[in-house]
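So the protein sequences, as listed, match chains X and G.
For the first sequence, the positions run 1 to 211 when this note's numbering is used.
For the second sequence, the positions run 212 to 579 when this note's numbering is used.
Beta carbons: idealized from backbone N, C-alpha and C, even for Gly.
I have placed the structure first, in the form of structure tokens, so that the comments after it can refer back to it.
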Amino acid sequence: MEDTSRREFLKGVATLLVAPTLTAASSRTGKRYAMLMDVDKCFGCMACVVACAAENNVPLGSFRTWIEHVVKPDGTHIFVPKQCNHCDDPPCVPPCPTGATYRTPDGLVLVNDELCIGCGACVKSCPYGARYINPVKGVADKCTFCDHRLREGLLPACVEACPSGARIFGPLHEENELSATVNSRPVQVLKPQTGAEPQIYYLSLPDEVNR
Amino acid sequence: MLDYYYPNEAAEPLLWHPVLFAYTLLVSGADLLILSALAYLSGSLRKAIPLMTMLGIGFFSVLLAGPLADLRSPQRSHLIFTNPQLFPTTTNPGTSLIAFQSIVWLVALILSITFALLTFSYYSHQASLTVTGLRRSIYRVFSLGVTTRVRYERAEKAAKGVAVLMLPFLTLWGIYPASLFVAQTWNPVWRGWTLLPVTYFADAFVVATALFMLAYFFWRYRSLETDVVIPILKIHAAGSLSVAALTALQMAVWWFWSPSTAETAAPVIPLMYVVIGLLLLSFFLSLLAMRHMTMILAVSLVAMAGTFTNKWNLIVNAQLVSKTGLAFFEAELGGLWLLETAAPIALGVAVFILLSILFPLEVRESGN
Numbered sequence: 001m002e003d004t005s006r007r008e009f010l011k012g013v014a015t016l017l018v019a020p021t022l023t024a025a026s027s028r029t030g031k032r033y034a035m036l037m038d039v040d041k042c043f044g045c046m047a048c049v050v051a052c053a054a055e056n057n058v059p060l061g062s063f064r065t066w067i068e069h070v071v072k073p074d075g076t077h078i079f080v081p082k083q084c085n086h087c088d089d090p091p092c093v094p095p096c097p098t099g100a101t102y103r104t105p106d107g108l109v110l111v112n113d114e115l116c117i118g119c120g121a122c123v124k125s126c127p128y129g130a131r132y133i134n135p136v137k138g139v140a141d142k143c144t145f146c147d148h149r150l151r152e153g154l155l156p157a158c159v160e161a162c163p164s165g166a167r168i169f170g171p172l173h174e175e176n177e178l179s180a181t182v183n184s185r186p187v188q189v190l191k192p193q194t195g196a197e198p199q200i201y202y203l204s205l206p207d208e209v210n211r
Numbered sequence: 212m213l214d215y216y217y218p219n220e221a222a223e224p225l226l227w228h229p230v231l232f233a234y235t236l237l238v239s240g241a242d243l244l245i246l247s248a249l250a251y252l253s254g255s256l257r258k259a260i261p262l263m264t265m266l267g268i269g270f271f272s273v274l275l276a277g278p279l280a281d282l283r284s285p286q287r288s289h290l291i292f293t294n295p296q297l298f299p300t301t302t303n304p305g306t307s308l309i310a311f312q313s314i315v316w317l318v319a320l321i322l323s324i325t326f327a328l329l330t331f332s333y334y335s336h337q338a339s340l341t342v343t344g345l346r347r348s349i350y351r352v353f354s355l356g357v358t359t360r361v362r363y364e365r366a367e368k369a370a371k372g373v374a375v376l377m378l379p380f381l382t383l384w385g386i387y388p389a390s391l392f393v394a395q396t397w398n399p400v401w402r403g404w405t406l407l408p409v410t411y412f413a414d415a416f417v418v419a420t421a422l423f424m425l426a427y428f429f430w431r432y433r434s435l436e437t438d439v440v441i442p443i444l445k446i447h448a449a450g451s452l453s454v455a456a457l458t459a460l461q462m463a464v465w466w467f468w469s470p471s472t473a474e475t476a477a478p479v480i481p482l483m484y485v486v487i488g489l490l491l492l493s494f495f496l497s498l499l500a501m502r503h504m505t506m507i508l509a510v511s512l513v514a515m516a517g518t519f520t521n522k523w524n525l526i527v528n529a530q531l532v533s534k535t536g537l538a539f540f541e542a543e544l545g546g547l548w549l550l551e552t553a554a555p556i557a558l559g560v561a562v563f564i565l566l567s568i569l570f571p572l573e574v575r576e577s578g579n
């Protein structure tokens, strides 16, 4: 009798401890997170870059996200936010010798710091220059779509910080602003010739700045 | 050339340090072992087999010391063997060439050591009869129980089997890391250098034979033997000419079929001319050395200068080309890079010296 009640008590404690994690994990199951950058709305304020650096402790000189400033021949100034594209067929994953770089079921491409040996193979294999070796941790580093914030039900720091709403984030296959825009308007991706199937979509991206 | 690059590239343009340069020279150990296995199987160049095997094992055994110094978390380097990414899964699609080659290295090294022990087994038995103490115990272990000529004949058959097995594994190393550059990076020069694996393979033979000639020259300076030098010179000449021709062919391919790649590769083209010049010189010197054998020293030094230039160009210079193909970074070599580069090679030489103390560097007749 005493054994049974102890077992039930332990079961209850375990349920309490595991339940929030399971709920957060199950709420992300079957999703495919993506981001949309509206180039017309970005005016290069760098709020996203700063927010990302502050949120993720990005070392000086390296960037999880950055904004490229391009002046077209006609004098038009264009600002293109860039970051890891969390590709569907990520070129950075197969070269990793220890499996430290991996793709989650909800489409995030992440790095397991405990497995990363800092060989730089993934850095060299990313066609977008989105990865770098973190000099403090000695491991590969990149945008995580603020995975730790998603687990709390929050938006990525860069999206939250953008004053003009140039960044739209969400699950691609659900009804939301992101999927509505991607499905209804002509969107572009960076370097489609790589075959990586990037999941950062762009609105109003001129061909000459797609590099 | 425009000046457009990704900001993370500017933080550390030379990610793979020149240690990789030393590492690729150590790959020549694989080619020395290929030559050794081929010589053993064909029955030719028998006198040269011990020197080639010992040099080959010396360099091949320390191969992974090169990239080890390049890792930012070397304390976890064992994970390449204990947790290799070989089989695709949902979360880890694809196979890592680095992990695959690391396993291949281990298998090739075990096979090469087995090959060496089998070929030296009878010698080890004889040596165990003439020495005492620890050396006697070592030679007894190395003899693998081969104490008679009859047993040695069986060991020779086994060695031939091992030699055949070694070849595919060592060949995989002969083209690595060129295969990695072409297949699993997005550096525009590496990806556009389609002849890189075959050029690399030929180049490793040039270094291998040059190393052999250097070691042979200093070891047998007063009595260089024609039946050893001439075949090695022929292989070296063929290798030098092949690398020069393949390098020229790659340039031609860029110019005629891919002008955009030629433009991107512009920073590496000047040294490609130097490589062609030095290896052609090495080729002509090889022909001369067949008449005047003491010239093998000059052949070796010129060839090494050519292959050093080639490796520097395709590893360091090509790495400095931005992924955008529109910028070229300056090489910033900090710290003890020269020492780090030389250390793995010195380690290979040390292993070779140790092996040369334990085993003879030539055989006078089969089985001795």
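If you run the structure through DSSP and keep just helix, strand and coil, what is residue i?
i	result
G:M424	helix
G:P597	In the structure as shown, chain G begins at 212 and stops at 579. Residue 597 of chain G is therefore absent and cannot be evaluated.
X:H86	coil
X:T101	strand
G:L308	helix
X:E65	A quick correction: the sequence has Thr, not Glu, at residue 65 of chain X. X:T65 falls in the strand class under three-state DSSP.
X:L22	For X:L22, the predicted model reports a pLDDT of 42, less than 50, meaning its position is unreliable; a value from the coordinates is still stated below. Helix, per DSSP.
X:Q188	strand
X:F79	strand
G:V273	coil
X:L155	coil
G:V357	coil
G:V532	strand
G:T264	helix
G:Y215	strand
G:Y333	helix
G:E576	Any answer about G:E576 is weak, because its pLDDT of 48 lies below 50 and its placement is not dependable; what the coordinates show is given next. Of the three classes helix, strand and coil, the one that applies to G:E576 here is coil, per DSSP.
X:H148	helix
G:Q395	coil
G:T325	helix
G:R346	helix
G:D242	helix
X:P206	coil
G:V417	helix
G:Y432	coil
G:V400	helix
With DSSP as the reference, please indicate the residues paired to residue i in a beta bridge.
i	result
X:A234	Absent from the model: residue 234 of chain X. The displayed extent of chain X is 1 to 211, so no value can be given.
X:K213	Here chain X covers residues 1 to 211 and nothing more, so residue 213 of chain X does not appear.
X:V71	X:H77
Anyone know if the C-beta pair for residue i and residue j falls short of 8 Å?
i	j	result
G:L422	G:L244	no
X:Y213	X:G107	Coverage of chain X is limited to positions 1 through 211, which leaves residue 213 of chain X absent and any answer about it impossible.
X:R131	X:C92	yes
G:F232	G:K522	yes
X:I78	X:P192	no
X:L110	X:T144	yes
G:P229	G:F540	no
G:A529	G:Y215	no
G:L525	X:G120	no
G:S307	X:P95	yes
Just reading off the beta strand (DSSP E) that residue i is part of, what are its end residues?
i	result
X:I200	I200 to L203
G:E543	Counting along the chain, G:E543 falls outside any beta strand (DSSP E), and DSSP gives it neither H nor E.
X:V111	V109 to V111
What residue range does the alpha helix (DSSP H) around residue i cover?
i	result
G:W466	T437 to W468
G:L192	Examination of residue 192 of chain G is not possible in this model, given that chain G is present from 212 through 579 alone.
X:G165	Note, X:G165: premise wrong, no alpha helix (DSSP H); not H, not E.
G:M483	I480 to A500
X:G129	Careful: X:G129 lies outside any alpha helix (DSSP H) and carries neither H nor E.
X:N56	A47 to N56
G:F298	Neither: G:F298 is in no alpha helix (DSSP H) and is coded neither H nor E.
G:K522	I507 to K522
G:L290	L290 to T293
X:S125	A121 to S125
Inset, instruction - Please determine if the segment 143 to 150 of chain X and the segment 42 to 49 of chain X are in contact, where contact requires at least 3 C-beta pairs separated by less than 8 Å. - result: no
Legend entry - Three or more C-beta pairs below 8 Å linking the segment 329 to 344 of chain G and the segment 355 to 375 of chain G: yes
Inset, instruction - Inspect the CB distances between the segment 404 to 420 of chain G and the segment 280 to 300 of chain G and report whether three or more fall short of 8 Å. - result: no
Inset, instruction - Answer yes if the segment 259 to 268 of chain G comes into contact with the segment 560 to 569 of chain G, meaning at least three C-beta pairs across the two stretches below 8 Å, and no otherwise. - result: yes
Legend entry - Stretch pair the segment 431 to 449 of chain G + the segment 480 to 487 of chain G: three plus CB contacts closer than 8 Å: Cβ pair count under 8 Å is below three, so no.
Inset, instruction - For the segment 69 to 76 of chain X and the segment 50 to 58 of chain X, state whether three or more C-beta atom pairs, one from each stretch, are separated by less than 8 Å. - result: no
Inset, instruction - Please determine if the segment 354 to 361 of chain G and the segment 243 to 257 of chain G are in contact, where contact requires at least 3 C-beta pairs separated by less than 8 Å. - result: no
Inset, instruction - Take every Cβ of the segment 298 to 305 of chain G, pair it with every Cβ of the segment 313 to 327 of chain G, and state whether three or more of those distances are shorter than 8 Å. - result: no
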